[in-house]
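Protein chains in written order, with the working numbering: chain A, 1 to 394; chain B, 1001 to 1394. For each residue, glycine too, the CB sits at the ideal point set by N, CA and C. Since this is a predicted model, take the numbers as computed values, not measurements.
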């Protein structure tokens, strides 16, 4: 019988031009720590300056900037920024950028209020999983990419500098208080990153749909998200300044974040986090694309009904196909979408991953993000993991 | 261009058997004021006793009961229960029952923390619209009917004892902290009430879909809600013990509540609240059913595209119809659903409303709930209001 638990306390302001509301919304304090990436894009396109100015317009809110965040953000930066936050007495943390900036903001908001090391609290890997006693500062997420959905979920992924563990962590405390998703800030994302991030969002929705805790609410957001990305991502990649395509992909991404709050990723994400854990230059979305055809081919055989529904939702007339072929229509659609976005030829060998790494990747996936395997509707054996990596290897 | 604001901080536990989680969830205090209706159903079926016992199991939380709530709840009871709440030092308010109990719980939670009279704060009618300075106690909503969606929205409708004003009021403070929607508690709702309440939920969704502030999130919930009610309400009315039908209708109702949180009702609700304001025995859902065919016929002419989409969503092959006939397919579907639920012969004359009342009803609708007229995509003139009442009169 249908049931669901729903909890999403984040206020989400979505739409072109919405960033300007930052000057008018109720803010959770008088001083902000703005967390952003070390790359130039948030400066080059003026986003950082705009955010500082809008906060100042909002009754003179002051800003302190931490701009060292790496594409795969690391534990040591979380600790450094949390110390900066305490030193300046910041009341809330603004994550400005993609998932790396916003995930960092969440983890920093936690460590600004709690003693010890971030790895004392994370669950998974060598994290000690200690209870959080002092809450977290409020987080405001301002997205400049469409990929992680972190603006609409309570999760953060941080890599340990020393041991390469890339661990997802989170809970109710880490929902952003406010998220602003303004597709105008995404017009300048380069084509390749647009594709990687869009596929990441697509897989959040697809995994959330095949997860064993999927429910009527997560299904609704997941199906809508997949359809929007299938329809609009190729245009967003080809013509980055198409605001309509950017808007639909951004909405799909936020919806996929809601899926992550109401359902869960599955083992595909564990496999990929292991890959980009040992190959830090590998973008997360690219890693997912590399293994996705083999992964969903595997689950198309195990849970054909759900995978067939995903194909139907993309507009494919599955009823006209022979029964056994219906779930595979989803895999073919995925392949077409990869071609349409120019990402069908990604090779893990280019990032230094070799078949000799596969057993280690399988072990790392279970060690660092083993929990997601329990979300699969059918158990993924070690043999199946190795087969997925082998089929995906180029 | 698509945009939306989303804010729904309520934790929603939905599904058969979910009431038992009340013994385990985190509660916002040690003493509850349970607000429920004067009718016998919550006692007869043991719901009140179960809630008191489950709260006690949850670390010994104590309960105080206020059980005078009327079907159209009144201001004087809000004030009386708020005084009781303060007197006993209750930490939170549990609304147990239908919309009347839960709406009362919200208003009581407000008045337990603020001075003066409830009508000092309400906006609309003769309410003074003063700002709320002291917040509100947390509210837990436990629904025993599927009609108002109040468990997933921040609204409450209370009638003034003296002047018959029936005013909707609310805001972020009045979202329930926790809502438990357990369809097992709805198995005993009599057929006629099941129909009235189900149609009320349907109109929350339909109005939210044609409202001028509808957006991609509210549309998704509205379309799903309407389809579930269209498919399952006749069964829930005919076989009240069908848990599957009850579950789907309950889900549709909660989704319609989310529509009320993300979009808005339109003038149909203003017209009906005026009707049941002057005819207190008229159930709200019955009043809506009475005027709905004329109301949606009117808007089918004004905004044919949106109304056609609602027909398509119900599974009607609108593309096979002549253009002008497509939006009217929705009105015919509504008529079929009324017949299938046995509520196509309701007469406002049986509740003492006569054509001589229509001008007064039109004026009262604008006076007490005028704000909803601004949510219509095309202005509803006084002449059109009178025509809707006249066409609806039996």
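Continuous beta strand (DSSP E) stretch holding residue i: start and end
{"i": "residue 51 of chain A", "result": "Residue 51 of chain A -> not in any beta strand (DSSP E); alpha helix (DSSP H) instead, spanning 47-57."}
{"i": "residue 1092 of chain B", "result": "1092-1097"}
{"i": "residue 1159 of chain B", "result": "1155-1159"}
{"i": "residue 1034 of chain B", "result": "1031-1037"}
Endpoints, the alpha helix (DSSP H) within which residue i is located
{"i": "residue 291 of chain A", "result": "284-302"}
{"i": "residue 166 of chain A", "result": "Not the alpha helix (DSSP H): residue 166 of chain A falls in the beta strand (DSSP E), residues 166-170."}
{"i": "residue 85 of chain A", "result": "75-88"}
{"i": "residue 1260 of chain B", "result": "1243-1262"}
{"i": "residue 1397 of chain B", "result": "An answer regarding residue 1397 of chain B cannot be provided, because it is not within the stretch 1001 to 1394 covered by chain B."}
{"i": "residue 1359 of chain B", "result": "1358-1369"}
{"i": "residue 1126 of chain B", "result": "Where residue 1126 of chain B is concerned, there is no enclosing alpha helix (DSSP H), given that its DSSP letter is neither H nor E."}
{"i": "residue 382 of chain A", "result": "382-392"}
{"i": "residue 274 of chain A", "result": "267-278"}
DSSP three-state assignment for residue i, whether helix, strand or coil
{"i": "residue 62 of chain A", "result": "strand"}
{"i": "residue 175 of chain A", "result": "coil"}
{"i": "residue 18 of chain A", "result": "helix"}
{"i": "residue 12 of chain A", "result": "strand"}
{"i": "residue 1044 of chain B", "result": "helix"}
{"i": "residue 1353 of chain B", "result": "coil"}
{"i": "residue 141 of chain A", "result": "strand"}
{"i": "residue 210 of chain A", "result": "helix"}
{"i": "residue 67 of chain A", "result": "strand"}
{"i": "residue 406 of chain A", "result": "One cannot answer for residue 406 of chain A here, as it falls past the ends of chain A, which runs 1 to 394."}
{"i": "residue 331 of chain A", "result": "helix"}
{"i": "residue 1316 of chain B", "result": "coil"}
{"i": "residue 181 of chain A", "result": "strand"}
{"i": "residue 1308 of chain B", "result": "helix"}
{"i": "residue 1027 of chain B", "result": "coil"}
{"i": "residue 325 of chain A", "result": "helix"}
{"i": "residue 188 of chain A", "result": "coil"}
{"i": "residue 152 of chain A", "result": "helix"}
Cβ-Cβ distance between residue i and residue j below 8 Å
{"i": "residue 1369 of chain B", "j": "residue 1124 of chain B", "result": "yes"}
{"i": "residue 329 of chain A", "j": "residue 318 of chain A", "result": "yes"}
{"i": "residue 1236 of chain B", "j": "residue 3 of chain A", "result": "no"}
{"i": "residue 221 of chain A", "j": "residue 259 of chain A", "result": "yes"}
{"i": "residue 272 of chain A", "j": "residue 288 of chain A", "result": "yes"}
{"i": "residue 1243 of chain B", "j": "residue 1183 of chain B", "result": "yes"}
{"i": "residue 202 of chain A", "j": "residue 226 of chain A", "result": "yes"}
{"i": "residue 1099 of chain B", "j": "residue 1148 of chain B", "result": "yes"}
{"i": "residue 1158 of chain B", "j": "residue 1094 of chain B", "result": "no"}
{"i": "residue 1140 of chain B", "j": "residue 1066 of chain B", "result": "no"}
{"i": "residue 1165 of chain B", "j": "residue 1126 of chain B", "result": "yes"}
{"i": "residue 298 of chain A", "j": "residue 365 of chain A", "result": "no"}
{"i": "residue 138 of chain A", "j": "residue 83 of chain A", "result": "no"}
{"i": "residue 229 of chain A", "j": "residue 250 of chain A", "result": "no"}
{"i": "residue 391 of chain A", "j": "residue 358 of chain A", "result": "no"}
{"i": "residue 255 of chain A", "j": "residue 306 of chain A", "result": "no"}
{"i": "residue 196 of chain A", "j": "residue 283 of chain A", "result": "yes"}
Residue i versus residue j: straight-line alpha-carbon distance, rounded
{"i": "residue 1054 of chain B", "j": "residue 152 of chain A", "result": "32 Å"}
{"i": "residue 268 of chain A", "j": "residue 291 of chain A", "result": "8 Å"}
{"i": "residue 1352 of chain B", "j": "residue 1279 of chain B", "result": "7 Å"}
{"i": "residue 1313 of chain B", "j": "residue 62 of chain A", "result": "49 Å"}
{"i": "residue 112 of chain A", "j": "residue 257 of chain A", "result": "25 Å"}
{"i": "residue 208 of chain A", "j": "residue 80 of chain A", "result": "34 Å"}
{"i": "residue 1188 of chain B", "j": "residue 1332 of chain B", "result": "30 Å"}
{"i": "residue 23 of chain A", "j": "residue 373 of chain A", "result": "43 Å"}
{"i": "residue 263 of chain A", "j": "residue 213 of chain A", "result": "6 Å"}
{"i": "residue 1379 of chain B", "j": "residue 1274 of chain B", "result": "18 Å"}
{"i": "residue 169 of chain A", "j": "residue 311 of chain A", "result": "31 Å"}
{"i": "residue 191 of chain A", "j": "residue 347 of chain A", "result": "18 Å"}
Which listed residue (the options) has its alpha carbon closest to that of residue i
{"i": "residue 1388 of chain B", "options": "B:1317, B:1279, B:1270 and B:1040", "result": "B:1270"}
{"i": "residue 1160 of chain B", "options": "B:1073, B:1091, B:1224 and B:1232", "result": "B:1073"}
{"i": "residue 339 of chain A", "options": "A:44, A:129 and A:233", "result": "A:233"}
{"i": "residue 300 of chain A", "options": "A:323, A:390 and A:141", "result": "A:323"}
{"i": "residue 1030 of chain B", "options": "B:1167, B:1090, B:1223 and B:1011", "result": "B:1090"}
{"i": "residue 144 of chain A", "options": "A:134, A:239, A:70 and A:97", "result": "A:97"}
{"i": "residue 1027 of chain B", "options": "B:1376, B:1077 and B:1179", "result": "B:1179"}
{"i": "residue 185 of chain A", "options": "A:334, A:363 and A:50", "result": "A:50"}
{"i": "residue 1058 of chain B", "options": "B:1020, B:1132, B:1393 and B:1133", "result": "B:1020"}
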